[in-house]
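S.K.:
There are 2 protein chains.
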Amino acid sequence: MAAMVERGIVSTTGLIAHGRGEAFDYLLGEATTPEAEAAEAAAAALLSLAQRPVITVNGNAAALAARELGDLARACGAPLEVNLFHRSDRRMDLVCDFVEGETGLKVLGRDQDAVLEGIASDRARCTKEGLLSADVVLIPLEDGDRAQAMVKAGKKVISIDLNPLSRTSLAAEVAVVDEITRAVPGITAWCSRFRTRPEEARGVLAAFDNHENLGSLLQRICRGLEEGPPK
Amino acid sequence: MAAMVERGIVSTTGLIAHGRGEAFDYLLGEATTPEAEAAEAAAAALLSLAQRPVITVNGNAAALAARELGDLARACGAPLEVNLFHRSDRRMDLVCDFVEGETGLKVLGRDQDAVLEGIASDRARCTKEGLLSADVVLIPLEDGDRAQAMVKAGKKVISIDLNPLSRTSLAAEVAVVDEITRAVPGITAWCSRFRTRPEEARGVLAAFDNHENLGSLLQRICRGLEEGPPK
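Protein sequence lines correspond, in order, to chains A and B. Counted the way this note's numbering counts, the first sequence spans residues 15 to 245. Counted the way this note's numbering counts, the second sequence spans residues 15 to 245.
1) Cα-Cα, which of L231/A, R105/A, L78/A is closest to P48/A?
2) Along the stretch 154-171 of chain A, where does the CB come closer than 8 Å to a CB of chain B? Name the residues.
3) Mind checking the stretch 18-43 of chain A against chain B and listing, in chain order, the residues whose C-beta falls within less than 7 Å of any C-beta there?
4) Go to S173/A, then tell me how far its beta strand (DSSP E) extends in each direction, as first and last residue.
5) Tell me whether T210/B sits in a helix, a strand or coil according to DSSP, three-state version.
6) L78/B versus chain A: which residues are under 9 Å apart at the beta carbon?
7) CA-CA distance, V188/B and L98/B?
8) Measure from the C-beta of C140/A to each C-beta in chain B and report whether the shortest distance is under 8 Å.
9) Pick from R216/B, D157/B, V191/B: whose alpha carbon is nearest that of A31/B?
10) First and last residue of the beta strand (DSSP E) that includes E95/B?
11) L155/A by DSSP, collapsed to three states: which one?
12) Use the C-beta contact count for K142/B: other C-beta atoms within 10 angstroms, 16 or more gives buried, fewer gives exposed.
13) So for P302/A, helix, strand or coil by DSSP?
14) Taking Cβ-Cβ distances shorter than 7 Å, what residues in chain B pair up with M15/A?
15) Rounded to whole angstroms, what's the CA-CA distance from R181/B to A45/B? Just pull it up for me.
16) Quick check: what's the CA-CA separation for N224/B versus G28/B?
17) In this structure, how does DSSP classify E240/A when only helix, strand and coil are distinguished?
18) I want to verify the contact list: residues of chain A whose CB lies under 7 Å from the CB of C267/B, in sequence order.
19) State yes or no: is the beta carbon of N177/A nearer than 8 Å to at least one beta carbon in chain B?
20) Can you check DSSP and say which residues form a bridge with R139/A?
21) Going by the DSSP bridge assignment, what does V190/B pair with across the sheet?
22) Just grab the DSSP bridge partners of L122/B for me.
23) Does V24/B come out as helix, strand or coil in the three-state DSSP assignment?
24) Determine the chain B residues that contact L232/A at a beta-carbon separation under 7 Å, and present them in chain order.
25) Output the distance between the C-alpha atoms of V129/B and V165/B, rounded to the nearest integer angstrom.
26) Drop a sphere of 10 angstroms on the beta-carbon of K170/A, count the other beta-carbons inside from all chains shown, and report buried for 16 or more, exposed for fewer.
27) Would a C-beta distance cut-off of 8 Å place A76/A and C205/A closer than the cut-off?
28) Do A92/B and V68/B have their CB atoms nearer than 8 Å?
29) Return the first residue and the last residue of the alpha helix (DSSP H) that G84/A is part of.
30) Between the alpha carbons of A57/B and L83/A, how many angstroms are there, rounded?
31) Using CA coordinates, which residue listed in L176/A, G217/A, S183/A, P178/A is at the minimum distance from R160/A?
32) Please classify Q126/B as buried or exposed, where buried requires at least 16 neighbouring CB atoms within 10 angstroms.
33) Could you pull out every residue in the same chain whose Cβ sits closer than 8 Å to the Cβ of C110/A, ignoring the five residues on either side in sequence?
34) Measure the alpha-carbon distance for R216/A versus Q233/A and round it to whole angstroms.
35) What is the rounded straight-line gap between the Cα of E240/B and the Cα of F222/B?
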């Protein structure tokens, strides 16, 4: 990640956010929990059944998992749209170039021609073709304001966020509380399975309850805390 | 903190560590818990009763709380000794200059003439006059290897670390699990009180059990997790 800061892909505040994620991952035992697995299946079901799915990519997501996100984009037919918290034209070009180089896919975001309602600042900027028209959006490592604005705009939101109590996780239809390089391949595998099994996808989705799943995860973290150090 | 990276005081890995701390502080409700208060009193008691107390200062501690550490150094008569995880002569000078400017105190560390046993790498370096001769060491934001090496060297270690399960917190005689800018003034206030009350300091210390205190704190974090978002 330090190298990604030097390249301009990750911002210094992105680095602090990454550290916060590391702490929560430590509490999860640095492994995909059964709750995360269930959320990854539900996320894949939502993406598979979507009309216009979109995957947003910020600096941290690009630095950590550009290739994995590219594989998922192919598996579920969703475009990648770059959105930066700390935006400059130069950084936008850098991140778009980086993601396109890593994935071999053309990304959205260089020409932001739309605005998401309810957010001050540059973070509101998006594309009409991508995020603004999407019905289902996967938002890895996204902040709470944007997550809530997307929900308000009627989109079904899938988050990837290691904090089970973040506004992002709580606002999401499906909150995947798992480290991004474990979560994204997990979702991709389920997408491949659902491609020929839409009924199974509908069943998985109907059985999934985000708040119940997060509650179960919190209990798991507590059991780990009371047992002492995870390793 | 981002500005402190640009000045060379904080390293990029220090920034990630800071983020980890933020996540744990979030779980504590960003406030000094009763367990932290008890640990701060015990820490002050240890410092007050010490023969040769020393306070170590690394880049993050300097960036976040140089002045507060200077006030504590004056209150308990302990020198400040700079120790860097990512050490270079230039960065050592930068951090020493910064801490001296903020505190008005002369710091130890520019001339490291001793080595702490049991640590590979530059992190073993310290001063004979300071850390090597100390009986009680306050180590804010320290890594587990150095904390354990100090314990092995027979020193009574007081940590300030937001992770209650870190090797540092578990190795310490007194683990203060509190944000550094809250913890240090708390310890300083107790030091002032104990200056004329050594018997009270001995009583506080005798009544303090680090593992019991950490266990109580973990239960508090769990209660918070099960209640949902702290704010």
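Note that the Cβ used here is the ideal one computed from N, Cα and C, for glycine as well.
M.R.: Taking the geometry as given:
1) L231/A
2) none
3) V19, T26, T27, L29, I30, A31, H32, G33, R34, E36, A37, F38
4) 170-174
5) coil
6) Neighbours of L78/B on chain A: none; closest Cβ ~12 Å, over 9 Å.
7) 22 Å
8) no
9) D157/B
10) 94-96
11) coil
12) exposed
13) As displayed, chain A neither begins before 15 nor continues past 245, which places residue 302/A out of reach and without an answer.
14) I30
15) 22 Å
16) 26 Å
17) helix
18) Look at the range of chain B in this structure, 15 to 245, and you will see that residue 267/B is not part of it.
19) yes
20) V129/A
21) I174/B
22) E95/B
23) coil
24) L239, E240
25) 14 Å
26) buried
27) no
28) yes
29) 73-90
30) 48 Å
31) S183/A
32) buried
33) V96, V121, G123, R124
34) 27 Å
35) 28 Å
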